[in-house]
Every structure is written in structure tokens, then in C-alpha cells.
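Oh and the sequence shown: position 5 is 0 in this note's numbering, straight run, nothing missing.
Glycine included, every Cβ here is placed at the ideal spot set by N, Cα and C.
Computed from a prediction, not measured in an experiment: that's the story for all the values here.
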Amino acid sequence: MSPDTGPIGNPLSSAGSPTEFPARAPQRLSVSFEFSPPRTDAAEKTLWETVKRLTPLQPSFFSVTYGAGGSTRQRTHDTVARLKSETGIDAAAHLTCVAATQGEIDDIARAYWDAGIRHIVALRGDPPGGMGGAYTPHPGGYANAAALVAGLKKIGDFQISVAGYPEKHPASADEKADLDNLKAKVDAGADRCITQFFFEAEDFLRFRDRAASAGVHVPIVPGIMPVSNFAAVNRIAGLCGSKVPPWFANMFEGLDDDLETRRMIAATVAGDLCRRLQGEGVEQFHFYTLNRADLTFAICHLLGVRPQ
């Protein structure tokens, strides 16, 4: 693998001219970045340093997560509003069906509309106990994400993103049921699908093809998570339906106490994944930043997404 994450080979094209890698080509990719609302003063400082670092890349939008059971509702609102007002970049608020009635969720959506927020990431959401627990619709609440999308569209002409799972949502009976659920969300009015993180390009490409065959004709945006803490992501992957391939685990073997090398590997692996997807026609990427800028910024640089 070459220093710019391309495969080692002849640097000349068939015409004899140097190959133009994405990092040296004009920017044509669209990127977006996901943050979590900070819980402490130190975390807030880190978040806004990250925002300052990534804003010059001119992302199509920022998104802000919503804690299990709506536990970060006010912090999500405050972070989204500040992002919008201070950066001028579209900010999307995550909104879930969990632990609230339809009326309560509708009031939250109206508050976003009144605050000038026009983009919602509509999700079923994790149970109050967190990922992996049993999900039960709230009495009087929206039953699922498709119902939430339909409800939001009645309130305002929101741009709505929904979730997709290249390796199937763990609660879905099979791949067909999972795709039927995605199509129901799109039929209800969703404008794009953002996927759960994954590590094999083929898993995303297969999912994109299956979704198109099932009648899903909105953009399907790969969710990319640069991983430097293998143990933590391995735990999360098991709960959210993402497999961790053996080669990925091998990359981090013996590096528990070597953060610098882990971060170099994280940028290389994620950059290579994005480059492979770009070669298959993908032109939009959504990065799960974990409120840190350096790895995401480095990968964007490799892809040719540079400060404006």
C-alpha cells in the first residue's frame, strides 16, 4: 500500500501520464460530520475545537446525536442551534421515538422548526437502557422510524435522513425485512439514508444494490468511523450489527499501549475504505467523528476535501 493509501503499482496510466489520485484532483465529494452533545465543560471545549477545525472543509451538514431514551434532548437542541448560528452550515438534529408520546415529539420538532432547523435525522432510537436492550414502543408514541418520518412531514417540510444497515439491523428477522423497513421510511418521506459504520467496502456496495432493487431510490450515504480504539469499537459493533473482520482485528494486535500507531492505522484503513467506495461511484461520506477532528480531517485531506 502506497503512502497515499493507493495500491502499489505502475504510477502511470495507460496513456503514459501520471495517475490523478483523488487527493490531487479537484474536490467533488460531499462530506458531513456527526457529533455528540458534550456532557462536561472539558468535553464542550473539545467539541468546539473540533467544529472549528472541520468547518473550513465546508461540509454539507453537521448532525448531533440524541442519547438513549432522549437523555440528551436539551443538549442536542442547544448544540444544533449553536452550530447553525455560529458556522452557518446546515445542522441536523437526531430525533427518536423512544420515551415520548407523539405530542411530545411533535413539540420538539416544532421547536426545531421555529429555531430555523430544517434537517432531522429520524431514528427509532435505542431503548432507555442503551443498545442491545429490548425495544418497546412508548404508549401513545410513534411505533417506529417510518411513522416518525410521516409525522415530521406533517409538521413541516423537513429534510429527513434515516438509518440503513449494510449488515442488517440486529432486530430485523432477515435482510428482506430490513430492506422493507428502509423502504417504508423512504416511502414515508425520507430524503437520504445514512448507514451504520462498516469495515468492508463490499458490504456497503451489496447493500446499495439490494436497496435499489427493493425500490429505494434516495442517496445511500456510507457512515465512516475512523477507529483507533479497537476494543471499544469491537464492543459497539456487536450491539449494532456491524461485523469486525479478522484482518481488522489483526491491524491493531499488540498496539494497546501505542496510541500514535493506532491512529496512523485508523486513518490509513478508513482512507482506503473511502477511496475504494469513491472508485465505485460514491460521492458522499458521513463521518462519525467521536467529537475529534484529526482523523476525520486527515481522511478528508486524502480524498481531496480541503479547506475552502
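Terminal residues of the continuous alpha helix (DSSP H) containing residue i?
i    : result
V300 : Premise fails: V300 is in no alpha helix (DSSP H) and is neither H nor E.
A87  : Per DSSP, A87 belongs to no alpha helix (DSSP H); it is in the beta strand (DSSP E), 86 to 91.
A106 : 97 to 109
K79  : 68 to 82
Measure from the alpha carbon of residue i to the alpha carbon of each residue in the options, then state which is nearest.
i    : options                : result
T284 : P240, G136, V46        : V46
A88  : F199, V59, G159, R187  : V59
A38  : Q303, A293, R287       : R287
P122 : V116, N139, I112, A106 : N139
T96  : I84, P134, R70, G111   : P134
H281 : V116, G98, S167        : V116
Should residue i be labelled buried (16 or more other beta-carbon atoms within 10 Å of its own) or exposed?
i    : result
G184 : buried
D365 : Since the first and last residues shown for the chain are -4 and 303, residue 365 lies out of range.
Q191 : buried
L254 : exposed
K40  : exposed
S237 : buried
S80  : exposed
R19  : Note that R19 has pLDDT 47, beneath the 50 cutoff, so the model's placement of it is unreliable and the number below is only indicative. Counting Cβ neighbours within 10 Å, R19 comes out exposed, since fewer than 16 surround it.
Starting from residue i, trace the beta strand (DSSP E) in both directions and tell me its first and last residue.
i    : result
V325 : Past the edges of the chain, shown from -4 to 303, lies residue 325, and the structure says nothing about it.
L250 : Taken as a continuous stretch (DSSP letters only), L250 belongs to no beta strand (DSSP E), as it is neither H nor E.
I215 : 215 to 219
Y283 : 279 to 283
A117 : 114 to 118
Please confirm if the region 212 to 221 is in contact with the region 146 to 155, defined as three or more CB-CB distances below 8 Å between the two stretches.
-> no
Three or more C-beta pairs below 8 Å linking the region 160 to 176 and the region 242 to 252 = no
Counting only runs of 3+ residues fully inside the region 15 to 64, write out the beta strand (DSSP E) ranges in chain order.
-> 25 to 30, 56 to 59
Those runs of the beta strand (DSSP E) which lie wholly inside the region 135 to 208 and span at least 3 residues = 154 to 159, 187 to 192
Touching by the beta-carbon criterion (3+ pairs, under 8 Å), the region 129 to 138 and the region 185 to 204 | no
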